Amino acid sequence: MATFHCRSAFISDVHLGTPDCKAGYLLDFLRKLRCEKLYLVGDIIDMESLARRTWWHADHGAVLAEVLDMARRGVEVTYIPGNHDAPMRGLAGQSFGGVRIALDAIHEGADGRRYHVSHGDEFDPEQVGRTWMLHLGEVMHRFICWTNRRVHAMRRRLELPYLPLSIIVKSHIGKALAYIRAYENRVADDARERGFDGHICGHIHFGHVREMDGVLYLNDGDWVEHCTALVEDHTGAMELIHWSEQPAALGRASRELVLPSPAAALALAPLARYRRDLAELRPAA
Numbered sequence: 125m126a127t128f129h130c131r132s133a134f135i136s137d138v139h140l141g142t143p144d145c146k147a148g149y150l151l152d153f154l155r156k157l158r159c160e161k162l163y164l165v166g167d168i169i170d171m172e173s174l175a176r177r178t179w180w181h182a183d184h185g186a187v188l189a190e191v192l193d194m195a196r197r198g199v200e201v202t203y204i205p206g207n208h209d210a211p212m213r214g215l216a217g218q219s220f221g222g223v224r225i226a227l228d229a230i231h232e233g234a235d236g237r238r239y240h241v242s243h244g245d246e247f248d249p250e251q252v253g254r255t256w257m258l259h260l261g262e263v264m265h266r267f268i269c270w271t272n273r274r275v276h277a278m279r280r281r282l283e284l285p286y287l288p289l290s291i292i293v294k295s296h297i298g299k300a301l302a303y304i305r306a307y308e309n310r311v312a313d314d315a316r317e318r319g320f321d322g323h324i325c326g327h328i329h330f331g332h333v334r335e336m337d338g339v340l341y342l343n344d345g346d347w348v349e350h351c352t353a354l355v356e357d358h359t360g361a362m363e364l365i366h367w368s369e370q371p372a373a374l375g376r377a378s379r380e381l382v383l384p385s386p387a388a389a390l391a392l393a394p395l396a397r398y399r400r401d402l403a404e405l406r407p408a409a
């Protein structure tokens with residue numbers, strides 16, 4: 125089995141305990157991953173969903189077992205709870221099976237750059253959750269995920285690689301893109317004010333590598349729709365990767381050059397034809 129080596133890895137928004145979780149792809153990634161540090165950046169176990177309906181697949185338990193095994197092997201594992209596993213925030217400061225629970229973290233890259241790491245729900249606008257638009261958005265998102273499951277099942281039967289349907293939708297709805305861009309600005313502004321070189325988060329299910337006025341916005345994406353992780357190599361460069369039948373590099377940020385992840389990169393063509401080499405990416409303007 126081929127292994128994937130890096131210094132640090134960041135994953136979030138796995139949503140174990142929901143039918144939409146792509147646990148099989150994540151399990152394959154974790155079993156091949158060889159790293160020094162693993163950050164679980166929130167919404168790993170969807171306690172909110174499990175409180176409404178008990179649903180669990182054997183692969184979900186296997187993901188947790190793999191994480192614990194990594195901790196036993198000496199990987200430094202940090203679990204930063206998000207809004208869907210918020211009850212775990214009360215356990216901050218404790219360790220379970222070698223996994224440390226923390227509200228947030230400061231990660232120092234191999235190149236000396238410092239990143240604030242948090243789930244990211246703290247950057248939601250104050251009014252989120254107080255209007256009917258939120259409920260409309262939740263219904264629409266559930267429908268997209270339901271459709272995504274069925275498209276994925278059909279493509280697997282046809283032996284076609286995974287294609288995340290939702291990124292196509294998000295990238296073609298003006299209000300969705302406006303929300304994502306406003307969110308990214310809030311995160312970058314906070315990192316700049318705190319004196320960090322960048323911020324690593326998840327929460328909005330939209331992986332992205334982007335430089336914003338000297339600060340790096342790094343979103344590791346999710347394992348419900350897009351199957352992405354953020355990884356740091358041993359030089360300190362950060363890279364957003366997609367992991368399925370056809371792994372792909374989506375963006376990279378080193379000290380010398382930022383190669384931003386394009387919007388809807390995975391939606392432009394089926395992954396069977398999407399073999400992007402990092403050399404094809406363009407530097408940030």
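For reference, each letter of the sequence shown is one residue, going 125 to 409 in this note's numbering.
Every residue gets a Cβ at the ideal spot worked out from N, C-alpha and C, and that includes glycine.
Note that the structure is a prediction, hence the values are computed from the model and not measured.
So, for Ala312: in the same chain, excluding its five sequence neighbours on each side, which residues have a beta-carbon less than 6 Å away from its beta-carbon?
Met336, Val339 and Tyr341
Looking only at its chain, what residues have a beta carbon closer than 6 Å to the beta carbon of His450, apart from the 5 residues adjacent to it on each side?
This structure gives no information on residue 450, because the portion of the chain shown stretches from 125 to 409.
How many Å lie between His366 and Val201 at the Cα?
21 Å
Close beta carbons around Leu260, own chain, < 8 Å, minus the five adjacent residues each side
Caution applies to Leu260, whose pLDDT of 43 falls short of 50 and renders its modelled position unreliable; the value that the coordinates give is listed next. Excluding residues within five positions, none has a Cβ falling inside 8 Å.
Where Phe128 and Asp228 are concerned, what is the direct C-alpha to C-alpha distance, given to the nearest angstrom?
26 Å
Could you name the residues that DSSP lists as bridge partners for Tyr411?
Since the first residue shown for the chain is 125 and the last is 409, residue 411 is missing from the structure and cannot be characterised.
Specify whether the region 376-387 and the region 155-174 touch according to this definition: at least 3 beta carbon pairs, one from each stretch, less than 8 Å apart.
no
In the DSSP assignment, find the beta strand (DSSP E) that holds His332 and state where it starts and stops.
His332 to Met336
Through-space distance from Tyr307 to Leu301, alpha-carbon basis:
10 Å
Rounded to whole angstroms, what's the CA-CA distance from Ile332 to Asp183? Just pull it up for me.
For the sequence presented, residue 332 should be read as His rather than Ile. When rounded, the distance between both Cα atoms is 27 Å.
Report yes if the C-beta distance between Tyr203 and Ile225 is below 8 Å; otherwise report no.
yes
Which of helix, strand or coil DSSP assigns to His129:
strand
Bridge partner(s) assigned by DSSP for Lys161:
Ser132 and Glu200
Cα-Cα separation between Pro371 and Val223, rounded to whole angstroms
27 Å
If you run the structure through DSSP and keep just helix, strand and coil, what is Ile328?
coil
Buried or exposed for Arg400, please, with buried defined as at least 16 other CB atoms from any protein chain shown within 10 angstroms of its CB.
Any reading at Arg400 must be qualified, since the residue scores a pLDDT of 44, below 50, and its modelled position is unreliable; the value itself is stated next. Flag for Arg400 reads buried.
Member of Gly345, Val241, Gly198 and Met362 whose CA lies at the smallest distance from the CA of Ala234:
Met362
Using CA coordinates, which residue listed in His231, Glu190, Gly206 and Asn207 is at the minimum distance from Gly221?
Glu190
Name the residue from Trp347, Leu157 and Leu162 whose alpha carbon lies nearest to the alpha carbon of His231.
Leu162
Excluding sequence positions up to five away, which residues of its chain have a Cβ less than 7 Å from the Cβ of Leu174?
Gly141
For the beta strand (DSSP E) containing Gly375, name the first residue and the last one.
Ala372 to Ala377
Based on DSSP bridge pairs, tell me the residues matched to Asn343.
Cys325 and His332
Provide the residue(s) that pair with Glu369 in DSSP beta bridges, ordered along the chain.
Paired residues: none, contrary to the question.
In this structure, how does DSSP classify Ser173 when only helix, strand and coil are distinguished?
helix
Leaving out five residues on either side along the sequence, give the residues of the same chain with a beta carbon under 8 Å from the beta carbon of Ala133.
Leu157, Cys159, Lys161, Leu162, Tyr163, Ala353, Leu354, Val355 and Glu356
Leu354: first and last residue of the uninterrupted beta strand (DSSP E) it sits in
Thr352 to Glu356
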